[in-house]
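First the structure, in the form of C-alpha cells, and then the observations on it.
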C-alpha cells in the first residue's frame, strides 16, 4: 500500500478558506497571481504523496462562484513558438487547451492578455484566432523603466496606457502557460486600473513551492530547487519577514529580490490594507499545513531529487542542459547525503545488463519486488520489462510466453521492410498493440492487459537512454522513468 504524507482534502479546505479571507482583507476584490500548473501537477504529487495532481483546479472549481480567470501569454513566446516540454505543445496552444478544459468545468474564463507586445505577427494571428472563438483578448506593450521606475509605471503613461480588463468577480486568478509570461505586471496593471476607478483592490500570490513554513533545507524545498536547476532558483530565508516578525520563513530568491519594488508599487496603487511587509506576507500557500507524515514526504522528495539528477544528466548528454544544472543537483544530493544508489531500481537494472551483456531495465512493484527485462532480437528492454512486470502483477507464471515470435515477426518485417524503419526491434507501443490484438484468441493476454493500469506511479530505470516512442508510452502508463545518460547507439540522429 502506498504511503500517504499529505492530506489533500485538508489542503483544499484550508486553501479555500485562506483565499476567501484574503479577499475580505482586500475589501472584496483580489487579483491572485497563480503560479505552477493548473492541471497535472505531477511534481507536487510525487513530493507530497497524497496530493491530487488536479488539486489546484479542484480548488478553483470550489471557488467558481467567486472566481474568474485571466490567461497571460508573452508575445515573444508566441513568436518563438516556445514549447511546454512536458506536453510537447506550444504556449499558445496550451492556453487554448487550458481554456477548453476550464470552461468544461464551469469556471469562467474572462480573457487572454498578450504581454510584451511590439507588433509580433504571430501574436496578431493568435489574437485573431481568439477573436474567431469569441474570446476577449488584450495587448499589453512593454512599459519604459519597468519594474524600477515606479513613478512612471504607476502613471497614465505606464499602467494607465494598458487596456483595462473589466472583471466582475471578487477573485481574479491570473495564470500563464509558463514562467516569464508577465503575470505579475498584469496583476499590478489591473490593480492600478481598479483603484483609479474607485474599486479597492488587492494582490496576492499563490505558489506551491517552496513551502514557506517548512525548513529551508527540507527535502521538499530542495526538490523544488532541483526541479528548477535550469533557472538557477535558490531557496532562502525571507529576510523581510524575519526583520518584521522575528519568524523564519522560506521563499525563493526572485521573489525576495523583487519584493522592495513590488511593495513600493502596491503602496502607490492599492488600498492601505495591503501593506505587505515581506514576500511571505504576499503568499497564500497552505500546503505546509496539510503535511501529515513528514517522514513520507522527506523520502518521496529525496527520490524525486534523484530522478531529477538522472533526467538532467540525460538532458546534458543531449545538449539540452548546462553542466551547472547537473552540478547543482549533485550538490543538493550531497547536502542530503543521498546518491543514485538510493534508487532501488538503478543497481538492479545495471546488474542485469552486466549479467546479460545487453541493455536492461527494471521496474519496482508496489510490494517491493523488482522485475527486470532485457533487450532481445525482437523487442526493446522497455517492452520486455513491462511484459514481465504485468505478468508478475497479475500472477501469470514467468515461464509462460505472452507474445510468441509468430506474432511479433510479421510486425517487425512490416516495420523494417515496408515502412523502412532503421530499428530492428519492436518498441513498446508496437508490443502493447500486439498484446491487445492477441487478446482475441489468448486469455492470458487479456489478463496481462489488466496489469497495465497498476503500473502507475511505479519506479522504472533503463541502462540507456530511451527513444522518444518508448519514453512517451512509459510516461502515459504513469511510470516514473529514469535512464543512464548513455546513447543506445553511435548514430548522431537519435
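In my numbering, the protein residues as written are 67 to 560.
For each residue, glycine too, the CB sits at the ideal point set by N, CA and C.
For clarity, every value in this text was computed on a predicted model and none was experimentally measured.
Starting from the C-beta of residue 493, find all residues in its chain whose C-beta is less than 6 Å away, skip the five residues before and the five after it, and write them out in chain order.
446, 535 and 536
Among residues of its own chain, excluding the 5 on either side of residue 112, which ones have a beta-carbon nearer than 6 Å to its beta-carbon?
370
With three or more C-beta pairs closer than 8 Å as the rule, is the region 387-398 touching the region 302-315?
no
Which residue from 100, 134, 72 and 341 puts its Cα closest to that of residue 169?
134
Do you know how far the Cα of residue 156 is from the Cα of residue 183?
For residue 183 and residue 156, the distance between alpha carbons rounds to 18 Å.
Using a Cβ distance threshold of 8 Å, determine whether the region 173-181 contacts the region 212-221, with at least three qualifying pairs required.
no
Considering only C-alpha positions, which residue in the set 73, 68 and 69 is nearest to residue 356?
73
Can you check which of these residues, 204, 260, 116 and 420, is closest to residue 94 by C-alpha distance?
Nearest option by C-alpha distance: 260.
Do residue 374 and residue 551 come within 8 Å of each other at the CB atom, strictly closer than that value?
no
Note down the Cα distance separating residue 132 from residue 102, rounded to an integer number of angstroms.
21 Å
Top-ranked residue by Cα proximity to residue 391, from 348, 352, 231 and 292:
Nearest C-alpha to residue 391 among 348, 352, 231 and 292: 292.
Using 8 Å for Cβ pairs, my map puts residue 544 next to residue 521. What's the rounded Cβ distance?
Distance from residue 544 to residue 521 at the Cβ level is roughly 6 Å; contact confirmed, criterion being Cβ atoms closer than 8 Å.
Beta-carbon proximity list for residue 500, same chain, < 7 Å, skipping 5 on both sides:
469, 473, 474 and 477
Indicate whether residue 243 and residue 160 have their beta-carbon atoms separated by less than 8 Å.
yes
The region 119-130 touching the region 200-210, judged by at least three CB pairs closer than 8 Å:
no
Go through its chain and collect everything with a Cβ distance to residue 274's Cβ below 7 Å, but skip five positions before and after it.
Within the same chain, residue 274 has close Cβ partners 102, 110, 351 and 353.
Let's see if you can read the secondary structure: which residues bound the alpha helix (DSSP H) around residue 383?
Unbroken alpha helix (DSSP H) run through residue 383: 360-383.
Would you kindly work out how many angstroms separate the C-alpha atoms of residue 254 and residue 86, rounded to a whole number?
Those two C-alpha atoms are separated by around 20 Å.
If you draw a straight line from the C-alpha of residue 278 to the C-alpha of residue 316, how long is it?
Our two residues, residue 278 and residue 316, have alpha carbons roughly 4 Å apart in a direct line.
Residue 285 versus 404, 96, 462 and 327, residue with shortest Cα-Cα distance
404
List the residues that DSSP assigns as beta-bridge partners of residue 150.
155
Assuming residue 144 and residue 186 are in contact, meaning their beta carbons sit under 8 Å apart, how far apart are those beta carbons, in whole angstroms?
7 Å
Shortest alpha-carbon distance to residue 313 belongs to which of 136, 198, 343 and 427?
By alpha-carbon distance to residue 313, the top candidate from 136, 198, 343 and 427 is 343.
Top-ranked residue by Cα proximity to residue 423, from 411, 431, 441 and 433
441
Limits of the alpha helix (DSSP H) - the one that residue 527 falls within:
Element bounds for residue 527: not the alpha helix (DSSP H) but the beta strand (DSSP E), 525-528.
Exposed unless 16 or more other CB atoms sit within 10 angstroms - verdict on residue 435
exposed
In terms of residue numbering, what span does the beta strand (DSSP E) encompassing residue 302 cover?
Element bounds for residue 302: 301-303.
Range of the contiguous alpha helix (DSSP H) that encloses residue 420
410-422
First and last residue of the uninterrupted alpha helix (DSSP H) at residue 395
389-402
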